[in-house]
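As they're listed, the protein sequences go chains A, B, C and D.
Position one of the first sequence corresponds to residue 2 (the numbering used here), numbered consecutively onward.
Position one of the second sequence corresponds to residue 11 (the numbering used here), numbered consecutively onward.
Position one of the third sequence corresponds to residue 480 (the numbering used here), numbered consecutively onward.
Position one of the fourth sequence corresponds to residue 390 (the numbering used here), numbered consecutively onward.
Backbone N, C-alpha and C fix where the C-beta goes; we use that ideal spot for every residue, glycine too.
Just so you know, these numbers come straight off a predicted model, no measurement behind them.
Reading through the structure tokens given below for one structure.
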Amino acid sequence: MVIKTEPFVVNIGPVHPSTHGVFRMRTTLDGEVVVDMEPVFGYLHRGIEKLAEERTYTGCIPLTDRLDYLASMTNNFAYVLAVEKLARIPVPERAEYIRVIMAELQRIASHLIAVGAFLNDCGAFMTPIVYMIREREKILDLFEMACGQRLTYNYMRVGGVSQDVPEEFVPALSKFLKVMPGWIDEYDQLLKENEILLARAKGVGILPKELAINIAASGPVLRASGVKWDIRRADPYSIYDRFEFDIPTGSVGDCYDRYRVRVEEMRQSVRILKQALKDLPEGEVRSDVPHRLHPPVGEAYAHIEAPRGELGFYLVSDGSIAPYRFHVRAPTLINLTALRDMMVGWKVADLIIIFGSIDICMAEVDR
Amino acid sequence: MTVLSGEELAHQIEKKFPKSIIESSPECLVVDSGFLLGVAAYLKKTPRLDFDYLSAITAVDYLDYFEVIYQLTSLRRNHSLVVKTRCYRRDNPSLPSVVSLWRSADFQEREIYDLFGISFEGHPNLKRIVLWDGFQGHPLRKDYL
Amino acid sequence: MAMQMLPPDWPGGFWAHWAVFVVIIFVFVLGVMMVALWFERRAMAIMQARLGPNRTGPFGLLQPVADAIKLLLKEDIVPAKGDKLVHWLAPVVVVAPVLMLFAVVPFQGGAILADLNIGILYIVAISSVATVGIFMAGWASNNKYSLLGAMRLVASVVSYEIPVVLSIIGVVLLAGSLSMQQIVLAQDIPFILLQPLGFLLFFIGALAEINRAPFDLMEADSEIVAGFHTEYSGIKWSLFFLGEYGEALAVSAIVTTLFLGGWRGPVLPPWLWFLAKVGLVFFVMVWIRTTVPRVRIDQLMALAWKFLFPLALLNLLITAVEILVWPAVSPWVMVAVNIAIMFFLVLLWSKLFKLGWGRVEV
Amino acid sequence: MKFERYGIGIAKGLSVTLRHLLRRPVTTQYPEQRLVTSRRIRGNELIWDKNKCTGCATCAKTCPQGVIHIVTSASAEENKYLVEKFEVDTGYCIFCGLCVEACPFDALFMGYAYERARYRRGELVQDKEMMTETPDSEVSGYFHPERAAKLPRQTLLIDRAKVKG
């Protein structure tokens with residue numbers, strides 16, 4: 002006997018505890034099963050690309066802070082790389098190292114939130130995210146020490162970083178690097194082998210390798226699908242060619258793989274940080290760049306491996322003090338392309354964790 | 011990552027699609043919009059080129075024309091190429107959609123449609139993405155104030 | 480300690496007994512519930528490296544009082560298109576049976592409101608009534624999240640009743656009585672040792688039946704906002720809250736009575752033993768809630784029907800065989816045999832579980 | 390996929406949470422307990438050194454939000470402009486610190502205080518008098534290392550962690 006059921010439409014979001022911001026999923030459910038899903042964006046659209054066209058090149062750096070607010074350092078990094086490419090500005094050696102240190106710390110901080118929020122979505126009530134925020138605070142302390150803010154850092158400048166790190170930064174960072182691996186082990190002990198988590202996340206929301214490449218997924222989402230692709234290795238920017246690190250990859254591309262890839266990436270970041278801290282040279286941190294920069298007419302695309310994927314900035318200069326075009330290749334927006342394919346057929350509860358495992362930041366998706 | 015020279019590729023593509031290349035330089039390749047889909051399919055499917063990864067699409071309003079920029083990458087061969095195409099009309103500009111080749115174009119073409127008003131023919135679900143339906147104008151055009 | 484004989488004569492006199500115990504139950508349920516609330520929040524906070532409520536009163540002990548006052552003063556919102564009568568009635572239907580459950584819980588030898596000779600049956604029957612209230616709430620709210628939550632609850636309660644009742648029967652067989660008082664008196668060795676598998680099944684089943692983590696999917700805040708009480712506010716919402724914590728306490732009390740030897744224990748006064756055991760069971764619930772993620776609805780049902788139900792049947796069978804065939808064997812031998820059987824069966828059944836299933840082609 | 394764990398994973402997790410019962414909570418109870426902020430904190434006000442300022446308006450030109458309003462008139466003495474009006478609407482300010490960086494005469498500072506909540510938006514507008522540096526002003530060391538040296542050391546949560554081995 003077939004029971005005749007009627008699908009009904011449920012709006013998950015824009016105001017919902019686990020849509021990580023103001024995302025809306027217009028889902029059609031048949032009982033608990035997701036029959037169809039349509040993502041609706043734009044609740045946090047602030048027109049950053051248009052705003053940037055009226056600001057100086059330096060004045061755009063605070064705007065990039067407000068893209069992916071969980072990884073502002075890497076946003077700054079990608080943007081200044083693009084401007085440096087456009088205006089052909091050299092960067093002092095020490096500044097390169099400080100940038101890499103900041104970017105890797107930011108990757109750890111961002112993945113802590115990503116993993117914590119994912120586990121929270123799975124229903125582990127608050128515990129993992131509180132533990133992870135506990136460690137993230139320590140990274141934020143370091144950022145605050147260097148640049149005076151805890152969220153919108155505005156730290157990197159075209160041709161370097163705004164100020165040299167204070168003298169107490171290096172001892173604090175080396176202490177952090179000593180204890181961080183132990184904490185990562187503790188997170189693993191908490192939930193890595195948990196049977197319920199395995200049952201919930203293994204094999205759920207599979208993004209096949211071919212599809213992941215076709216939708217240009219990037220970052221942990223792409224790597225979890227088994228593609229060994231990391232821009233730090235494939236197209237080394239800054240000084241990433243000097244460090245040794247592995248690229249963790251998943252095998253099937255399910256939610257569990259995405260979670261594991263993020264945790265392993267934290268370990269690799271600690272490894273890079275140790276090398277960078279060991280080689281940190283003395284010297285200038287900022288080359289002489291005028292406040293009102295006039296890059297030559299042209300265009301530049303610079304991309305980096307941000308915590309959430311390939312973050313690219315495409316800048317067009319017309320020779321004036323403001324960019325003619327400022328485009329952000331937002332990794333999270335593009336990672337969401339296959340959201341429907343991953344969700345259809347699973348239950349409402351899976352829909353939440355699939356979405357959580359992609360790890361988005363709405364400020365970047367909508368811009 | 012090696013950046014493939016647009017000039018060298020232009021010769022190859024010209025052999026297959028005569029008059030398809032408007033301009034070429036070491037950095038980029040400007041393709042006539044009529045040949046865009048053919049050239050894109052060629053770039054994706056030729057084994058030596060193998061551009062399987064369309065990393066970003068964006069548009070620029072140069073007032074005389076719109077330029078749409080495709081950042082292509084090959085994950086297997088680790089090389090990249092910038093392909094551009096131009097659209098000279100300001101009222102109802104349209105270009106062929108590449109969603110059939112790379113699904114990553116889906117949201118990005120919708121975004122360009124939303125903010126520049128360029129409609130992509132063949133896009134499965136072309137509607138506004140960040141602004142609401144019924145919004146007047148296309149904000150990233152230079153004449154939008 | 481000399482065992483008190485039945486019938487209960489603690490305060491003495493029928494009506495005096497009734498009056499005293501109705502008051503005791505209300506005070507106990509409400510008072511202990513407040514402490515339990517505070518306890519859960521504090522214990523969970525400390526396990527999460529936080530502090531928890533510590534501002535109102537010493538150690539934040541008055542926090543539940545402050546919350547209650549706040550909730551009483553809040554505006555009561557009824558959805559415009561909801562069913563107003565049912566919406567109003569639902570919290571009452573949820574809370575009343577929870578209070579009634581405590582009527583048969585023996586706090587001490589003889590300290591029981593009504594020593595029904597079918598005490599445990601009464602508990603099974605009454606505890607299901609709350610489900611109706613929750614479904615009423617989900618229906619009357621006219622909210623899709625509420626309805627989903629209520630449907631999940633009904634599905635899970637209907638499934639979990641069966642293994643729970645079957646595992647209780649094992650205890651009943653051993654004790655030879657349905658009366659709660661008699662079950663406690665029969666436990667010279669706590670039944671958790673004689674019935675380890677029964678305890679495991681009962682505890683898992685009871686967690687699911689009262690929607691505690693990891694089976695709290697009818698109010699899964701990360702999925703369906705707050706489930707059946709999404710549309711409730713103020714005093715009505717607090718009644719649901721009361722019902723939920725009352726159920727948790729009731730289950731703790733029932734586990735104590737059925738498996739942990741009730742009020743019995745050396746040195747300390749019996750009522751303190753009882754409270755301590757209830758507190759311990761409650762702490763285990765809090766501890767589990769702090770640690771584990773939530774299961775999915777189909778996994779929940781699979782657990783009930785594929786794991787708990789067959790094992791509960793086997794447990795019942797084995798217990799019955801043991802009682803019939805070896806009535807005179809020393810209980811300690813039985814303890815060893817039963818623990819071995821539990822490990823064997825659980826390991827055997829665990830092998831049957833698979834990962835990554837549950838996708839439906841649409 | 391095979392599944393052979395029998396609850397060991399859950400037991401491991403339970404042991405982690407149980408261990409935390411014995412650890413000190415990390416909460417800082419804010420109004421009573423305070424952590425010392427960074428010496429470079431970009432607190433939410435701007436402080437202005439009247440004597441060093443020449444009225445060049447570089448700060449106003451650099452401000453990405455355009456919230457610095459400065460009106461000057463030529464004055465005879467010392468090759469300076471006379472600052473007639475100097476106003477910052479800190480309600481619109483994003484505290485990026487670019488003005489402090491840009492000031493060629495080191496006349497502008499970020500504030501060290503971060504508790505400047507107000508009941509009305511109008512009260513967030515800082516005028517010339519409110520911005521002028523007095524002996525009481527708490528000045529942050531952002532981009533001014535000489536000021537940073539005078540400030541107390543930042544509390545670091547990492548200092549509370551125990552290093553094993």
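Check, Outcome
"Residue(s) in a DSSP beta bridge with N12/A", "R27/A"
"Inter-residue Cα distance where the pair is K193/A and H328/A", "38 Å"
"Interface residues of chain A facing V70/B [CB-CB closer than 9 Å]", "E300, Y315, V317, Y325, R326 and H328"
"Three-state class that DSSP yields for W437/D in the structure shown", "strand"
"Short Cβ contact (8 Å threshold) for A732/C with V841/C", "no"
"Partner residues on chain C for T544/D, Cβ-Cβ distance less than 9 Å", "The premise fails here: T544/D is roughly 18 Å from chain C at the closest Cβ pair, so nothing lies under 9 Å."
"Coil, strand or helix - M11/B by DSSP", "coil"
"Contacting residues, own chain, Cβ-Cβ under 7 Å from F379/A (five flanking each side not counted)", "Any answer about residue 379/A is impossible in this case: the structure gives chain A only from 2 up to 368."
"In DSSP terms, what R326/A is bridged to", "V317/A"
"Three-state secondary structure assigned by DSSP to E18/B", "helix"
"Whether G677/C touches N794/C by CB criterion (8 Å)", "yes"
"Limits of the unbroken beta strand (DSSP E) element including I90/A", "It is not in any beta strand (DSSP E) - I90/A carries neither H nor E in the DSSP assignment."
"Beta-bridge pairing of T83/B - partner residues as DSSP gives them", "Y63/B and S90/B"
"Contact with chain A by M484/C, beta-carbon distance below 8 Å", "Reliability fails at M484/C, whose pLDDT of 41 lies under 50, so the model's placement of it is uncertain and no value is given."
"C-beta atoms of L281/A and L178/A nearer than 8 Å", "no"
"G554/D - DSSP class collapsed to helix/strand/coil", "Residue placement at G554/D cannot be trusted, given a pLDDT of 49 that sits under 50; what the coordinates show is reported in the next sentence. In this structure, G554/D counts as coil in the three-state DSSP scheme."
"P234/A vs I214/A beta-carbon contact at 8 Å", "One point to set straight first is that residue 234/A is Arg, not Pro, in the sequence displayed. Going by C-beta atoms, R234/A is not nearer than 8 Å to I214/A."
"Delimiting residues of the beta strand (DSSP E) encompassing S34/B", "I31 to S34"
"Between the CA atoms of A88/A and E245/A - distance to the nearest angstrom", "30 Å"
"For A307/A, the three-state DSSP class (helix, strand or coil)", "strand"
"The alpha helix (DSSP H) enclosing G684/C, as first and last residue numbers", "P675 to E688"
"Contacting residues, own chain, Cβ-Cβ under 6 Å from R326/A (five flanking each side not counted)", "V317"
"Proximity of L59/B and S30/B at Cβ, strictly below 8 Å", "no"
"Cβ-Cβ distance between T461/D and A449/D below 8 Å", "no"
"Assumed close pair V162/A, A96/A - CB separation to whole angstroms, cut-off 8 Å", "5 Å"
"Interface positions of the region 277 to 297 of chain A facing chain D (Cβ-Cβ less than 9 Å), listed along the chain", "H292 and R293"
"4 or more residues per run - each alpha helix (DSSP H) lying fully within the region 578 to 613 of chain C", "598 to 606"
"Residues that E490/D contacts on chain A, provided the C-beta gap is smaller than 7 Å", "S163"
"Chain A contact residues for M769/C, given Cβ-Cβ distances below 9 Å", "Met is not the amino acid found at residue 769/C; the sequence shown has Thr there. Near T769/C (Cβ distances below 9 Å), the residues of chain A are A125, F126, M127 and T128."
"Top-ranked residue by Cα proximity to V644/C, from A629/C, I602/C and P669/C", "I602/C"
"Cut-off 6 Å between Cβ atoms - residues of its own chain near P486/C, not counting five sequence neighbours on either side", "Confidence at P486/C is low in this model, with a pLDDT of 46, below 50, so its placement is unreliable and the value that follows should be read with caution. Hits under 6 Å: none found."
"Proximity to G480/D [Cα-Cα], best of P524/D, L435/D, A491/D and D495/D", "L435/D"
"Any chain A beta carbon closer than 8 Å to L824/C", "no"
"For C492/D, the three-state DSSP class (helix, strand or coil)", "coil"
"Assigned secondary structure, P103/B (DSSP; H/G/I helix, E/B strand, else coil)", "coil"
"Cutoff 7 Å; reference N12/A; Cβ partners in own chain excluding five residues on either side", "R25 and R27"
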